[in-house]
Ligand code: SIN
């Protein structure tokens, strides 16, 4: 047995859930940024989907998840996750999360795009991610088996033979630390910040995915990036405040600058169609020079209680969403692809695990259903942590070597790459643009790890010639079976 800790890279919801469940195994939780910079989980507004309402069932939740994912999902993973949802809510309540309840004490259930039922639970209205993170962070900080290290960017993985056995970290001031581990869990989140327009924080740039790729870990489905249709349209800004889909569930409607309804003629589900369809529709309208707005003035109830995050973000930018239309734009929001893992979170390299948005276990298919991501982070994190706690881990032997992620791009080139990815691999793609962008990134691969990551994503998008889920190729025909499925959903 080794006395080395389990290293968890990333202090978002999936990383913390893994750390808590790993007790009593000693855990070192490495947080790339300091306490002030927020992980994407903190910004999650949508809530957690769980079949808890009268007449609802895990099978119905699973069916909606599969339809949103264009049936590209792993069905066993989907059924497992949806069956876990009610118990996950109960566990979170035991950790101190107070979900919103009505006057009779029953959980309030909201509705979001792609869901056939009202089944989204919230905590503090649209501040759900922040409330969850606060409760789980407090638990983790009080747990004797968990130690934190902030300001620790993992720049290399240590391999002994073919087994990952540690990491090397670097602080912003340049301090380097080598840490041996009984296993390394990458819970580093998604890649939204690699795009010019994103609802993600700047740290969601794919650094963990690039680290795993550099070590030779298998990746999958990199082309599937979800674009949220409604982020606050702030020209020039990169990290855009999300305007939660729950507002459309509560009656808000999209219209253009001429007052025309945007979704009416597009999809029978209207403004609550799956978000890839809404995002493409908004994107196309923007390409014709129209500006798109969300009219939420009909949304009733106490905004400060139901939508405090949206209210504050809009007011900060001089828009009162209770009275004025909100200018919106699609934005990169969630990566369905990532480091390929099995059901339990094992990557293709021994000693290396992945969980949450950094991982791809197939549960979201080609497009994630709304409010399934916090659920996945918590449920898969708990399962992985518990499995690792059970595992007697012998020290890896064999020759040691460092697998380096390599230097990053200078700021200016990173900015240009974000624009390139947005234009070529945004909500609507075509082969010509993808090929040109891919060639550029391939040729410039030595310039920084972000270029190599972008080349991998663009190559995957180029290889998938047919449209599927969030990957939309305007130069390809949608397979007839998929359009029939979309129509009958
Ligand atoms: C939202 O609140 O619209 C986003 C929720 C999610 O990403 O599932």
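Numbering (the working numbering), first residue to last: 65 to 553.
All C-beta atoms in this analysis are idealised placements derived from N, C-alpha and C, irrespective of residue type, glycine included.
Owing to the predicted nature of the structure, the values given are computational and were not obtained by experimental measurement.
At a cut-off of 7 Å, the beta-carbon of residue 319 does not count as near ligand 1: no heavy atom of the ligand is closer than that. Contact annotation, residue 396 with residue 494: C-beta distance approximately 18 Å; criterion of less than 8 Å not satisfied.
Between the beta-carbon of residue 453 and that of residue 89 there is about 5 Å, and that keeps the pair under the 8 Å contact cut. From the listed residues 351, 377, 316 and 334, the smallest Cα separation to residue 361 is found for 316.
Per the coordinates, the alpha-carbon of residue 388 lies some 46 Å from the alpha-carbon of residue 207.
Your pair residue 224 and residue 418 does not check out as a contact, with CB atoms roughly 19 Å apart and the cut at 8 Å. Spatial neighbours of residue 106 in its own chain (CB-CB distance under 7 Å, excluding positions within 5 residues in sequence) are listed in chain order as 193, 194 and 197. The beta-carbon separation of residue 200 and residue 72, rounded to 13 Å, does not stay under the 8 Å limit for a contact.
Around the beta-carbon of residue 482, 16 or more other beta-carbon atoms lie within 10 Å, marking it buried.
With 5 Å as the limit between CB and the heavy atoms of ligand 1, the residues that fall short of it are 109, 110, 308, 309, 434 and 435. Listed as beta-bridge partners of residue 248 by DSSP are 71 and 416. Burial is judged here by how many other beta carbons sit within 10 angstroms of a residue's own beta carbon; residue 179 has at least 16 and is buried.
Under the DSSP assignment, residue 467 falls in the beta strand (DSSP E) whose first and last residues are 464 to 468. Distance from the CA atom of residue 134 to the CA atom of residue 209, rounded to whole angstroms, is 41 Å. Taking the Cβ atoms as the reference, residue 403 lies roughly 6 Å from residue 422, within the contact range of under 8 Å. Nearest to residue 172 by C-alpha distance, out of 333, 302 and 118, is 118.
Along the stretch 86 to 123, the beta strand (DSSP E) occurs as fully enclosed runs of 3 or more residues at 91 to 94, listed in sequence order. Taking the C-beta atoms as reference points, residue 522 is found no nearer than 8 Å to residue 536. Counting along the chain, residue 153 sits inside the alpha helix (DSSP H) bounded by residues 139 to 158. Note on geometry: alpha-carbon atoms of residue 239 and residue 230 lie some 17 Å from one another. Taking the C-beta atoms as reference points, residue 95 is found nearer than 8 Å to residue 216. Separation of the CB atoms of residue 262 and residue 303 is rounded to 6 Å, and the pair is thereby assigned contact status at 8 Å. Residue 218: member of the beta strand (DSSP E) spanning 217 to 224, first to last residue. In the displayed model, residue 402 falls within a strand according to three-state DSSP. By the Cβ-count criterion, residue 67 is exposed, with fewer than 16 other Cβ atoms from all chains shown falling within 10 Å of its own Cβ. For residue 372, the enclosing alpha helix (DSSP H) covers residues 372 to 380. Take the alpha-carbon of residue 256 and the one of residue 288: they are about 12 Å apart. Taken through DSSP and simplified to helix, strand or coil, residue 235 comes out as coil. In this structure, the beta-carbon distance from residue 273 to residue 517 falls below 8 Å. Rounded to whole angstroms, residue 472 and residue 498 show a C-alpha spacing of 22 Å.
The residue from 386, 480 and 140 with its alpha-carbon nearest to that of residue 515 is 480. Secondary structure in the stretch 306 to 359: the alpha helix (DSSP H) runs of 4 residues or longer, each lying completely within the stretch, are 310 to 313 and 339 to 351 in chain order.
Within 10 angstroms of the beta-carbon of residue 461 lie fewer than 16 other beta-carbons, which makes it exposed. The alpha-carbon of residue 385 is positioned some 8 Å away from that of residue 374.
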